[in-house]
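Worksheet for the structure shown next.
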Amino acid sequence: MWNEEDGVFASQECGSVVNNTLKSPGYPENYPRNMDCNYTVPIPPGMMLEIYASYFHVGDLEYPECSEVHDGDYVKLSNENKILLKACGWSSGQSSDPVTGNYAVITFHSDNILGNGGRFLLIFTMLHCEPLCSKDEWNIYLSCLNITSTVHITKCAPTFTKNM
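All residue numbers for the sequence shown refer to my numbering, where the first residue is 336 and numbers rise by one.
Structure follows, in structure tokens:
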């Protein structure tokens, strides 16, 4: 089972994960300008990571969308292979798609523009995943077909409940 001792890494001024929760720097106040924080979250074998945005307000109201043109405040989620999500604006009460791999990286960036600032509160849940069918079977409508496929379907369940 995943816990804090498994090692979420971040620089000291960026804060840390406590009780499966990541708060923006300075939370519950607005985060400061000119911040660059990277949090590396290990994902144990056979598990996936789900991230729930209990509160999410990142960026200036003048630029409510993340884009390549305006690279203001944002939170980015990636695994060791690719960027999965770049988020900014207001979006509380949403969960990420499950993250697979050996680890997830959460990157937080705030620019030097004085704006509305913001804050976020992210809650991590590790999902225990089991194959729904053997590697030579394919699941369709809750039954397994005996075919060869490189795609594997899994059934996941939380290993602990979300803390609020």
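Every residue gets a Cβ at the ideal spot worked out from N, C-alpha and C, and that includes glycine.
Computed from a predicted model, the values in this text were never measured in an experiment.
DSSP puts proline 377 in a beta bridge; with which residues?
Tyr438
In terms of DSSP beta bridges, what is leucine 456 paired with?
Lys358, Tyr390
Coil, strand or helix - cysteine 349 by DSSP:
helix
How many angstroms separate the CA atom of tyrosine 362 from the CA atom of valine 393?
Between the alpha carbons of tyrosine 362 and valine 393 lies a gap of roughly 12 Å.
On the DSSP bridge assignment, give the partners of glutamate 385 in chain order.
Residue pairing of glutamate 385 in beta bridges, as defined by DSSP: Thr460.
Would the region 411 to 424 count as touching the region 349 to 360 if we require 3 or more Cβ pairs under 8 Å?
no
How would you call asparagine 447, buried or exposed, if buried means at least 16 neighbouring beta carbons within 10 angstroms?
It counts as exposed.
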